[in-house]
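Reading through the structure tokens given below for one structure.
Numbering (the working numbering), first residue to last: -13 to 173.
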């Protein structure tokens, strides 16, 4: 009989709208308004993120027999001193605290990515592109010019992401290694 496991990894789109609070000038006010227009009951931010994650964790605990893990959020861009990564670090810390509180496993993706960027001297790399221009141009290069995402990532100057948001192969391998380790512990 196989054991049931659940790995919860939420991307940055539901929390990076919090970056537009007058700090760092990220220009995400329209994204914040988009999220409210999508019918979210409240403005995205740390409190709603924590409450939503707690609800997901407790739902899994109450309605399944799964071993549960949460992953910290991936880096946002590769400038570790940026407002985006400072906030992402705070959200990851919040997830760690929830994991401890709820007795589940915490998979430190953000921490592993930061460690890698520091070790390779890329910790002051390209920052996250808050207006998504780089993401859309990367998608265009992939689908119109048939460029592979790894080449696009290198052209964009990123080591772990394609355009500062979505994981490239190296970033995805870090995630896969963490999940594989959790699954092996579960077996």
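Here a beta-carbon is modelled for each residue, glycine too, at the ideal position from N, C-alpha and C.
Note that this is a predicted model, so its numbers are computed, not measured.
Through-space distance from residue j to residue i, alpha-carbon basis
i	j	result
residue 96	residue 113	15 Å
residue 160	residue 42	24 Å
residue 38	residue 100	25 Å
residue 141	residue 64	14 Å
residue 120	residue 149	6 Å
residue 124	residue 108	21 Å
residue 76	residue 83	11 Å
residue 98	residue 143	19 Å
residue 163	residue 170	10 Å
residue 40	residue 130	41 Å
residue 158	residue 104	18 Å
residue 122	residue 167	34 Å
residue 152	residue 34	23 Å
Supposed close pair residue i, residue j - CB separation, criterion 8 Å
i	j	result
residue 110	residue 67	6 Å
residue 53	residue -9	5 Å
residue 70	residue 62	4 Å
Sequence-distant residues of the same chain with beta carbon closer than 6 Å to residue i, five excluded per side
i	result
residue 85	56 and 92
residue 78	58, 59 and 96
residue 94	58
residue 8	Here the model assigns residue 8 a pLDDT of 42, short of 50, so the residue's position is not dependable and the matter cannot be decided.
residue -5	57
residue 102	none
Minimum C-alpha distance to residue i - residue among the options
i	options	result
residue -7	165, 70 and 139	165
residue 47	126, 88 and 149	88
residue 44	77, 90 and 125	90
residue 73	38, 32, 123 and 51	32
residue 50	39, 131, -11 and 59	-11
Same chain only: Cβ atoms within 7 Å of residue i, ignoring 5 sequence neighbours per side
i	result
residue 156	145 and 146
residue 127	133 and 138
residue 135	128, 148 and 154
Nonlocal neighbours in the same chain, by C-beta distance under 8 Å from residue i, ignoring five residues either side
i	result
residue 106	145
Runs of beta strand (DSSP E) lying entirely within the region 72 to 99, each at least 3 residues, in chain order: Complete beta strand (DSSP E) runs here, min 3: 91 to 93.
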